[in-house]
Amino acid sequence: MRISLFILFFHLTFTLCAQEFYTRTAHVHVKSDNRIKSIEADNYQVIAFLSLESGDIRFEGLLRSFEFRLGALDRVYNSRNIDISEYPSILFEGKAINIDEFDLNSSKTQTLRVKGNLFIWDEKRVTEVDVNVIVRPGNILDVVSAFNMRIEEQSVDKLNQLMRDRLPKSININTSKLGVSRDIEVDVKMKMGLKNW
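Take 22 as the starting number for the sequence shown in our numbering and just add one per residue.
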């Protein structure tokens, strides 16, 4: 009897684990345009989880892991002048609302509708996006999504104030004229494998 229960427990545990996918190398690309220069950054150190049972999806990455295309921004952003210790990461927690339509045996591109909360610094955005998923041999999921995010006006004011505080006082620049865009393009790409622990 004990052996039967053990085998049943082991089988259920394996079945549940077989429905969870993860990666530690997801790629998040962000881009924002302003009047002077487009700002782009990449983060290749994002951890992500997807449960095919519940539809839960989560990804998280450190803000310091973003690499800016403009080297000077890398130095400013990663210096001690900008304190990100209170909110050190970006985080998305959500659910694929049509997960019951997903077929792990299909090699066609499938679209999941994902709804959740995106947290960046002290900002929270309710986000609803389409995510394209292709199942590759060996139960590898190619996951791709692109969406736009709008920064609230008060957040743009916070960014302008941050720039005013960090620029040398001898430079006479009206930071509100820099034209920080309120729209940010976000692209997410990841290859997810079966969670095996």
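Every residue, glycine too, gets a C-beta built ideally from N, C-alpha and C.
| Item | Value |
| --- | --- |
| Contacting residues, own chain, Cβ-Cβ under 7 Å from S72 (five flanking each side not counted) | Q40, E41 |
| Identified DSSP bridge partners for L133 | V152 |
| Proximity below 7 Å, CB of I161 to CB of G214 | yes |
| Cβ-based burial, V209 [other Cβ within 10 Å; buried from 16] | buried |
| Any non-hydrogen atom of the ligand SAM closer than 6 Å to I141 Cβ | Absence of the ligand SAM is noted for the structure shown, with no ligands found whatsoever. |
| Paired residues, beta bridge with D163 - DSSP | I155, K212 |
| Nearest-angstrom Cβ-Cβ length linking S110 and L139, presumed shorter than 8 Å | Not confirmed; about 12 Å, so no contact. |
| F113 and G137 closer than 7 Å at C-beta | yes |
| Integer-rounded CB distance, given that V67 should sit under 8 Å from F80 | 5 Å |
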